[in-house]
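Asks: For reference, each letter of the sequence shown is one residue, going 6 to 390 in the UniProt record's numbering. Can you keep this structure in mind? I'll have questions shortly.
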Amino acid sequence: QPQDFDLFTLREEHELLRESVRSLVETKIAPYAAAVDQEARYPQEAHDALHAADMHAIHIPEQYGGAGADALAACIVIEEVARACMSSSLIPAVNKLATVPLILAGSEELKQKYLRPVAEGRAMFSYALSEPDAGSDAGGMTTRAVRDGDGWRLNGVKRWITNAGVSEYYTVMAVTEPGIGTRGISAFVVEKSDEGFTFGAKEKKLGIKGSPTRELYFDDVWLPGDRIIGEPGTGFKTAMRTLDHTRVTIAAQALGVAQGALDYAADYVKQRKQFGKPIAELQGVQFMLADMGMKIAAARQLTYAAAAKSERNDPDLTFYGAAAKCFASDAAMEITTDAVQLLGGYGYTQDYPLERMMRDAKITQIYEGTNQIQRVVMARQLLKG
Ligand code: CAA
Ligand code: FAD
6 QPQDFDLFTL REEHELLRES VRSLVETKIA PYAAAVDQEA RYPQEAHDAL
56 HAADMHAIHI PEQYGGAGAD ALAACIVIEE VARACMSSSL IPAVNKLATV
106 PLILAGSEEL KQKYLRPVAE GRAMFSYALS EPDAGSDAGG MTTRAVRDGD
156 GWRLNGVKRW ITNAGVSEYY TVMAVTEPGI GTRGISAFVV EKSDEGFTFG
206 AKEKKLGIKG SPTRELYFDD VWLPGDRIIG EPGTGFKTAM RTLDHTRVTI
256 AAQALGVAQG ALDYAADYVK QRKQFGKPIA ELQGVQFMLA DMGMKIAAAR
306 QLTYAAAAKS ERNDPDLTFY GAAAKCFASD AAMEITTDAV QLLGGYGYTQ
356 DYPLERMMRD AKITQIYEGT NQIQRVVMAR QLLKG
């Protein structure tokens, strides 16, 4: 069953992929994770390594030059990179987030034009939904695209855009018909070189400091007519359908950072001696480890189940994507915080990676919809029956 995968035993190809990403991460990404955080700089080493190994956007279908990897494979790449460096894991994660709208709803010409350069490592893609005054209420956006000749004229501001400035291409949602709510929103491809398109300063953040986040400014940017993704008025739906798929990748990211923190802490407690013996022998410590492992196991099953639903485009993906993202990110916050605790004072310093992991984990409860919004999404699905 090439399109399917077993929830309980991964297929050999997924296990082999995990092994190869893990060894790439150990040699080419993990050694730079602390410096990337401390210097708040783009993880260029990870960028180069992921591109060289063709792991920067493995989800892109083969007909557009990609590897055509399934949703679980994309999760495994993101999970393994996040296990060592959350900032770096946003390279494959955001390439997927921003290209899924095209894959789901773009014309054949748009796909050929914009997916191939990403697959071939010549360009990156960012996703621009949020605005200064429209975050959770994404449908309340005010960025406006007005018909102008045989194209569109774009004006407005997007906020919090990951990889802004690094990416060549941007999927941008804008209002094309005001007054009719989300049915008046359309999605477009904007190029970095389009005249009138500029960027704000890099945000100074609590975590994922290596991942650049900036505002986008559109000042009378003219877009040719064929840059629209799908029909006018379908942009919000495309944006939401995309998030159904990519909230699964955020769950994978959360899973990765949680696993990285548990692995580090489990190792540490075997070495650290207090009261004349390794603290791993204390039952209070063992119970903490057990809870951490249990939460990771549950988060992994839910995340991989959601990946299977993403791959099959199951009708209950909306629920599963939200559930996996919410559960795994809450677990990641708890597990990374407990991992800091297990290292005591050492965990609180930059001499160890756990305070970074704890700061990085926090974002997974906020982006791609806060965990309150995931609960809104899940409850709506449940009440729909
Ligand atoms: N699939 C298909 N259609 C969907 C859908 C889905 N999952 N969710 C909503 N829709 C459709 C609805 O059916 C409805 O269509 P009709 O007009 O035909 O009835 C339309 O979209 C509007 O839906 P709602 O009435 O449910 O819309 P709403 O205004 O109440 O908002 C929301 C719903 C779930 C709160 C949404 O605004 C939301 O998800 N907010 C969070 C925003 C978010 O996640 N942003 C992430 C930004 S990207 C990011 O953060 C990336 C990163 O960090 C790396
Ligand atoms: P608000 O919507 O103002 O929320 C504030 C608080 O109110 C939250 O606790 C929220 O849960 C709560 N709240 C709001 N509505 C409800 C409700 N109905 N019920 C209960 N509680 C509610 N966006 C993009 O488009 N592209 C990106 O690449 C991107 N990358 C990001 C990277 C970073 C580092 C960050 C911080 C954000 C990024 N975002 C991106 C934006 C992100 O998706 C939003 O920050 C998020 O959706 C929340 O919106 P907000 O910040 O405006 O918070």
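Glycine residues also receive a C-beta, built at the ideal position from the N, C-alpha and C atoms. All values derive from a computational prediction rather than experimental measurement.
Could you pull the DSSP bridge partners for aspartate 42 from this structure?
Replies: Stepping through the sequence shown from its first residue, residue 42 is reached at position 37. None, per the DSSP bridge assignment.
Asks: Using a threshold of 6 angstroms, is the CB atom of serine 135 nearer than that to any non-hydrogen atom of the ligand FAD?
Replies: Reading the sequence shown from its first residue, position 130 is the one you call residue 135. Serine 135: yes, Cβ under 6 angstroms from the ligand FAD.
Asks: How many whole angstroms separate the CB atoms of lysine 325 and alanine 310, which I take to be in contact at a CB cut-off of 8 angstroms?
Replies: Taking the first residue of the sequence shown as 1, we reach residue 325 at position 320. Taking the first residue of the sequence shown as 1, we reach residue 310 at position 305. It is worth fixing the name first, because residue 325 is tyrosine in this sequence and not lysine. Tyrosine 325 to alanine 310, Cβ: 6 angstroms. Contact.
Asks: Short check: CB of valine 226 to CB of asparagine 168, under 7 angstroms?
Replies: Locating residue 226 in the sequence shown gives position 221, counting from the first residue. Locating residue 168 in the sequence shown gives position 163, counting from the first residue. Their beta carbons are not under 7 angstroms apart, which means valine 226 does not touch asparagine 168 by this criterion.
Asks: Please report the residue range of the beta strand (DSSP E) in which threonine 148 lies.
Replies: Residue numbering aside, residue 148 sits at position 143 when the sequence shown is read from its first letter. First-last for threonine 148: undefined, no H or E at that position.
Asks: For glutamate 220, which of Tyr273, Ala206 and Ala54 has the nearest alpha-carbon?
Replies: Translated into positions along the sequence shown, residue 220 becomes position 215. Among Tyr273, Ala206 and Ala54, the Cα nearest to that of glutamate 220 belongs to Ala206.
Asks: Is proline 48 helix, strand or coil by DSSP?
Replies: What you label residue 48 is simply residue 43 of the sequence shown in a count that begins at 1. Three-state result, proline 48: coil.
Asks: Is valine 105 near the ligand CAA, going by C-beta to nearest heavy atom under 6 angstroms?
Replies: On the sequence shown, position 100 is the one that residue 105 refers to. Because no heavy atom of the ligand CAA lies under 6 angstroms away, the Cβ of valine 105 does not count as near it: no.
Asks: For glutamate 196, write down the residues that DSSP places opposite it in a beta bridge.
Replies: Your numbering for residue 196 matches position 191 in the sequence shown. Glutamate 196 is bridged to Tyr174.
Asks: Would you mind sorting methionine 299 into buried or exposed? The rule is 16 or more other CB atoms within 10 Å of its CB.
Replies: For the purposes of this step, residue 299 is taken as the residue at position 294 of the sequence shown. Exposed, since its Cβ has fewer than 16 Cβ neighbours within 10 Å.
Asks: Under 8 angstroms by Cβ, that's how I've got threonine 308 and alanine 329 pegged, so tell me the actual separation to the nearest angstrom.
Replies: What you label residue 308 is simply residue 303 of the sequence shown in a count that begins at 1. What you label residue 329 is simply residue 324 of the sequence shown in a count that begins at 1. Right, their Cβ atoms sit about 5 angstroms apart.
Asks: Starting from the C-beta of alanine 35, find all residues in its chain whose C-beta is less than 8 angstroms away, skip the five residues before and the five after it, and write them out in chain order.
Replies: Locating residue 35 in the sequence shown gives position 30, where the first residue counts as 1. Excluding positions up to five away in sequence, the list reads Ala89 and Cys90.
Asks: Would you tell me roughly how many angstroms separate the C-alpha atoms of arginine 152 and arginine 385, rounded to the nearest one?
Replies: Within the sequence shown, residue 152 is the residue found at index 147, counting from 1. Within the sequence shown, residue 385 is the residue found at index 380, counting from 1. Approximately 35 angstroms, taken between the alpha carbons.
Asks: Can you list the alpha helix (DSSP H) stretches of 4 or more residues lying completely in the region 237-312, in chain order?
Replies: For the region 237-312, whole alpha helix (DSSP H) runs of length 4 or above, ordered along the chain, are 240-276.
Asks: So, at 8 angstroms on beta carbons, what are the nonlocal neighbours of proline 283 in its own chain, with the 5 sequence-adjacent residues on each side left out?
Replies: Residue numbering aside, residue 283 sits at position 278 when the sequence shown is read from its first letter. The answer, listed in chain order, is Val274, Lys275, Gln276 and Arg277.
Asks: Please classify alanine 79: does DSSP put it in a helix, a strand, or coil?
Replies: As a first step, residue 79 is located in the sequence shown; it is residue number 74 there, counting from the start. Three-state result, alanine 79: helix.
Asks: Just verifying my parser: in three-state terms, what is the DSSP assignment at glycine 230?
Replies: As a working note, residue 230 is residue 225 in the sequence shown. In this structure, glycine 230 counts as helix in the three-state DSSP scheme.
Asks: Determine the closest residue to glutamate 20 out of Ile190, Lys118 and Ala79, with distance taken between C-alpha atoms.
Replies: The sequence position of residue 20 within the sequence shown is 15, counting from 1. Nearest C-alpha to glutamate 20: Ala79.
Asks: Taking the alpha helix (DSSP H) that serine 94 belongs to, which residues open and close that run?
Replies: Start at 1 with the first residue of the sequence shown, and residue 94 comes out as number 89. Counting along the chain, the alpha helix (DSSP H) containing serine 94 begins and ends at 91-110.
Asks: Could you tell me the boundaries of the beta strand (DSSP E) in which arginine 127 lies?
Replies: One-based indexing of the sequence shown puts residue 127 at position 122. From DSSP, arginine 127 is part of no beta strand (DSSP E); its letter is neither H nor E.
Asks: From the DSSP output, in three-state form, read off serine 135 for me.
Replies: Looking up residue 135 in the sequence shown gives position 130. Coil.
Asks: Pick helix, strand or coil for threonine 354, following the three-state DSSP scheme.
Replies: Start at 1 with the first residue of the sequence shown, and residue 354 comes out as number 349. Looking at threonine 354 - three-state DSSP - the assignment turns out to be coil, as it is neither helix nor strand.
Asks: Hey, quick one: how far does the alpha helix (DSSP H) through arginine 361 stretch, first residue to last?
Replies: Within the sequence shown, residue 361 is the residue found at index 356, counting from 1. Start and end: 359-367.
Asks: Tell me where the beta strand (DSSP E) around threonine 203 begins and ends.
Replies: As a first step, residue 203 must be located in the sequence shown, where it is residue number 198. Unbroken beta strand (DSSP E) run through threonine 203: 202-204.
Asks: With distance defined between alpha-carbon atoms, name the residue in Thr176, Leu134 and Gly352 nearest to glycine 235.
Replies: Translated into positions along the sequence shown, residue 235 becomes position 230. Comparing Cα positions, the closest option is Thr176.
Asks: Taking Cβ to Cβ, would you say tyrosine 132 is nearer than 7 angstroms to leucine 102?
Replies: On the sequence shown, residue 132 is found 127 positions in, with the first residue counted as 1. On the sequence shown, residue 102 is found 97 positions in, with the first residue counted as 1. Closer than 7 angstroms, so yes.
Asks: Since I believe alanine 150 is in contact with phenylalanine 193 (beta carbons under 8 angstroms), could you give me their beta-carbon distance rounded to a whole number of angstroms?
Replies: The sequence position of residue 193 within the sequence shown is 188, counting from 1. The sequence position of residue 150 within the sequence shown is 145, counting from 1. Phenylalanine 193 to alanine 150, Cβ: 6 angstroms. Contact.
Asks: Tell me, please, which residues DSSP counts as bridged to proline 223.
Replies: By one-based count along the sequence shown, residue 223 stands at place 218. At residue 223 the sequence reads phenylalanine, which differs from the proline that was named. DSSP output for phenylalanine 223 lists Gly161 and Phe202 as bridge partner(s).
Asks: In this structure, does DSSP put glycine 70 in helix, strand or coil?
Replies: Taking the sequence shown and counting its residues from 1, one reaches residue 70 at position 65. Of the three classes helix, strand and coil, the one that applies to glycine 70 here is coil, per DSSP.
Asks: Return the CA-CA distance between leucine 388 and arginine 46, expressed in angstroms with no decimal places.
Replies: On the sequence shown, position 383 is the one that residue 388 refers to. On the sequence shown, position 41 is the one that residue 46 refers to. Using only the alpha carbons, I get a separation of about 44 angstroms.
Asks: Whole angstroms are fine: how far does the CA of threonine 341 sit from the CA of glutamine 8?
Replies: Along the sequence shown, read from residue 1 onward, the residue named residue 8 stands at position 3. Along the sequence shown, read from residue 1 onward, the residue named residue 341 stands at position 336. Unreliable placement is indicated for glutamine 8, whose pLDDT of 47 sits below 50; no coordinate value is reported for it.
Asks: Going by other Cβ atoms of all chains shown within 10 Å of its Cβ, with 16 needed for buried, is serine 198 buried or exposed?
Replies: Position 193 of the sequence shown, counted from the first residue, corresponds to residue 198. Exposed is the call here.
Asks: Tell me whether the beta-carbon of cysteine 331 lies closer than 7 angstroms to the beta-carbon of glutamine 379.
Replies: The residue given as residue 331 occupies position 326 in the sequence shown. The residue given as residue 379 occupies position 374 in the sequence shown. Contact: yes.
Asks: Using CA coordinates, which residue listed in Ala259, Asn160, Leu267 and Val262 is at the minimum distance from aspartate 224?
Replies: Residue 224 sits at position 219 when you count from the first residue of the sequence shown. Answer by Cα proximity: Asn160.
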